[in-house]
Structures are given as structure tokens and as C-alpha cells.
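Letter 223 of the sequence shown, counting from 1, is numbered 222 in the numbering used here, and no numbers are missing. Accompanying notes for the structure given below.
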Amino acid sequence: MTNRSLKLKNWPSADQQAWATAIKPGDILDGTGPASHWAEPTRDGNIYRYGQWLAFLHNHDPALLDLPPGDRCTLEVVRVYVALLQTSTAPHTVSTSVQGLVQMIQVMAPQGDWAWLRRLQNRLKRTAMPSRDKREKMLPAGLIYASSLAELERLTCAPLTKKNLVGFRNALMFAILSSCPIRRKNLAALVLGTSIVRHNERWRIRLSERDTKNHRSFDGELPASLTSHVDHYVCDVLPRLARGKQTHGRLWLTWYGDPMTGHAIYLRMTEASPRLFGKAINPHLMRDCAATALVDTSPDAALAARDLLGHRIWRTTERHYVHANQLEASRKINALFSEIAKG
């Protein structure tokens with residue numbers, strides 16, 4: 000496909016109108032669009048994937064773009080689309096692209112019978128094999144935590160240079176995600192006193208339903224061995240990173256005093272991890288590492304991994320990660336790390 004994904008502003012008018020209707024807000028009397036409740040990441044991802052579909056149509060048979068969204072989505076056309084995707088992308092990516100098309104066409108052309116398209120996507124999902132073995136990239140969460148803790152202890156006594164301040168921030172990110180593996184978006188959005196708070200000599204992360212991907216609140220407790228390091232970061236490191244700017248309580252700042260985006264956090268953690276751990280570890284992989292640490296502990300702890308990751312069902316955890324009550328889950332992994340901190 001020449002155009003990887005057609006931007007929303009360039010969609011055919013019929014598609015733009017169908018999408019506007021799908022996300023229309025409203026009340027119990029007016030009714031709401033079927034996609035009005037989608038979280039922003041879900042919307043953005045599906046907009047991109049539907050844009051891929053439109054780009055394919057533009058290159059394959061532009062006349063199809065004159066048809067209503069539901070009329071052009073036929074088995075014959077989708078078969079060609081999938082075949083083209085399979086020539087250039089991994090099986091999991093093909094499945095994800097078709098899943099985006101399924102979700103979008105169901106809300107943009109709700110009168111259609113899309114059972115056949117859902118069956119196709121389910122087959123693609125079942126047969127998709129990981130293109131790389133994630134296990135080879137992973138490290139034990141306990142090792143990551145221990146190495147991060149050692150780095151934090153070293154930098155606490157080091158001069159407050161740019162290298163050391165940024166290094167402390169990066170090591171603290173790894174230490175926090177080892178025991179409380181929230182999603183990168185939530186990590187980037189942490190705000191002091193709101194989503195990360197000090198409570199009874201511990202720091203806790205609290206996310207509301209509107210902040211999480213699956214609209215479930217999250218309450219996780221950080222290990223006691225991290226309390227002094229978070230305190231040091233908040234009191235000594237963060238003010239120097241802020242450079243006098245108004246940061247609105249954001250926990251993670253760049254060297255220039257600006258709030259870090261999720262992408263910036265991804266880059267900094269990926270860059271810092273080879274020196275700290277011997278291999279590149281990104282924020283999402285931390286979820287796998289933390290969940291596996293619980294799974295390897297005991298069957299009971301394995302079940303706790305589901306809530307630690309904020310999943311509704313164990314099957315999701317088992318399939319994508321190998322990950323109780325969220326607070327109890329965080330306390331189980333904290334117990335593991337307390338032994339590490341002792342020695």
C-alpha cells in the first residue's frame with residue numbers, strides 16, 4: 000500500500016459522517032454513539048487501522064470509496080486486503096489490523112451482518128504466532144528491581160549533575176514498574192497527590208476508571224524499600240528537573256522541565272536498560288516481567304497477576320503475559336522484593 004493509513008481528515012465524507020455518528024455523545028434520552036465510550040488509545044488505534052483499510056481501497060479500487068462504508072466491505076475485497084497485509088506484516092499485526100476494521104465497521108455500519116468478518120478475525124487471531132520469542136527479551140522482575148535499587152542507592156549519594164539526575168529518574172521508573180506494572184500511558188500521566196500518593200509510609204498508585212484502558216480503577220502499593228528513593232526524587236531531583244517551570248504536579252519531567260510523554264519514557268527506558276541490565280527493556284515488556292515473577296512464585300500468586308495488570312479475565316493475562324485484589328497483588332510482589340532489598 001502506497002499510503003500506509005489515510006488520515007481522518009482525508010476520509011470520504013460518508014466515512015467521516017459515519018464516524019461522527021459513532022462517537023456522538025448524548026444522554027439517556029438522546030442516545031449515544033456506539034463508540035462514544037471508547038478510550039482515547041482505542042479510538043486512535045482504530046482510526047489508524049481503518050485508515051489502513053481506506054488506503055488499501057484507494058490503491059486497489061478507488062471506485063469503492065464512492066460506496067457507503069458497509070457496502071464496500073465484502074468478503075471478496077477483505078480477502079484481497081488480508082492477502083496483501085500478509086505479504087508485508089507479521090501475523091499478529093495482520094490480526095490486529097483486521098480487528099480494527101471489525102470494530103470500526105460494526106459501529107459505522109451497525110445495520111450490517113458482520114458475523115463473517117468477526118469469524119475471519121478470530122481465525123487470524125488463533126493462527127497468529129509471535130514473530131519473536133518474547134521470553135528471550137525478558138529478565139526476572141526481581142533482578143530488574145535489585146539492579147534498579149542498587150542504582151538508586153548509588154545515585155542518592157552522587158553529585159546532582161544532569162547525568163545523575165536523569166539516571167535517578169530512569170532507574171526509579173524501572174523500580175516502580177517492576178512492582179506496579181501499569182501501562183506506559185498511565186506511567187507518563189502520574190501526578191503527585193492525585194495518582195501517586197504517600198500513604199502510611201508507603202507510596203501508592205491510584206488510577207480512576209476513566210484513566211485505565213479497561214475502565215477499571217487501579218490501586219497498587221509500592222515496596223517499602225522504595226519509599227526513601229521516591230522521597231528523594233520528589234524532594235531533591237524533581238525540583239531541579241522542573242527548572243522553576245509550572246509542571247502541574249507531573250511526576251516525570253525531561254531535563255528541560257517539560258512533562259514526559261509516553262514515547263519519551265519509552266525511549267529513555269530503552270536507552271538506559273542495556274547499561275543497567277545488559278539488554279534493552281521497554282515499559283510494556285516490564286508488564287511481562289512482573290507478571291511472570293508472580294506466576295513463577297505459586298498458583299495463588301499467579302491468579303493475583305491478573306489484577307496486578309488490570310485485566311478482567313485470567314485468559315487475557317495468560318495469553319499475552321503469563322501475569323487478587325490489586326492491592327493484594329502488589330503486596331505479593333512487594334514481598335518478593337523485600338527479600339531482595341534485605342540482601
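Ideal placement from N, C-alpha and C gives every residue a C-beta, glycine not left out.
Is it buried or exposed for residue i, if we count other Cβ within 10 angstroms and need 16 for buried?
i	result
Arg311	With a pLDDT of 46 at Arg311, under the threshold of 50, the predicted position of this residue should be treated as unreliable, and no value is reported.
Gln98	buried
Arg3	exposed
Tyr232	buried
Glu220	buried
Pro343	Missing from the structure shown is residue 343; the chain here goes from 0 to 342 and no further.
Gln110	exposed
Trp115	exposed
Ala34	buried
Cys156	exposed
Gly32	buried
How big is the Cα-Cα spacing for residue i and residue j?
i	j	result
Thr86	Gln51	15 Å
Trp18	Thr95	20 Å
Asn281	Thr260	14 Å
Leu186	Ala89	28 Å
Val190	His198	15 Å
Lys184	Leu7	23 Å
Pro11	Asp65	8 Å
His59	Leu123	22 Å
Leu237	Tyr49	41 Å
Val81	His36	28 Å
Arg125	His91	9 Å
Leu83	His262	29 Å
Arg71	Lys212	31 Å
Lys278	Arg182	21 Å
Cys234	Asn163	15 Å
Glu75	Glu208	41 Å
His228	Pro222	11 Å
Arg203	His214	19 Å
Val93	Leu119	11 Å
Gln105	Gly243	49 Å
Pro273	Ser146	12 Å
Gly166	Ala38	33 Å
Gln15	Asp257	35 Å
Thr269	Trp254	17 Å
Leu45	Arg267	For the record, residue 45 in the displayed sequence is Asn; it is not Leu. For Asn45 and Arg267, the distance between alpha carbons rounds to 27 Å.
Arg78	Leu176	41 Å
Among the options, which has the Cα closest to the Cα of residue i?
i	options	result
His247	His231, Lys212, Ser194	Ser194
Val196	Ala13, Arg249, Ala34	Arg249
Pro351	Gly256, Thr20, Arg122, Leu5	Outside the shown range of the chain, which is 0 to 342, sits residue 351, and nothing can be said about it.
Arg286	Ile143, Ala114, Asn45, Arg215	Ile143
Ala241	Leu221, Phe55, Arg168	Arg168
Asp218	Gly166, Arg205, Ala279	Arg205
Leu151	Pro33, Met172, Ala140	Met172
Asp230	Ala271, Arg201, Pro258	Arg201
Cys179	Ala140, Gln245, Leu100, Gln16	Ala140
Leu63	Arg153, Ala13, Leu284, Ala149	Ala13
Ala174	Gln245, Leu275, Leu116	Leu275
Lys403	Thr226, Gln245, Leu252	With the chain covering only 0 through 342, there is no way to say anything about residue 403.
Leu344	Ala170, Leu138, Lys136	Outside the shown range of the chain, which is 0 to 342, sits residue 344, and nothing can be said about it.
Asp210	Gly192, Ala188, Leu100	Ala188
Can you tell me whether residue i sits near the ligand GDP, meaning its C-beta is under 8 Å from at least one heavy atom of the ligand?
i	result
Val229	As for the ligand GDP, it is missing from this structure, which has no ligand bound.
Within the stretch 163 to 244, note down every full beta strand (DSSP E) run reaching 3 residues or more, in order along the chain. List check, beta strand (DSSP E) in window: 195 to 198, 201 to 206, 217 to 220.
Can you list, in chain order, the stretches of the alpha helix (DSSP H) that have 4 or more residues and sit fully within the stretch 87 to 119? Counting whole runs of 4 or more residues, the stretch 87 to 119 contains the alpha helix (DSSP H) stretches 90 to 107.
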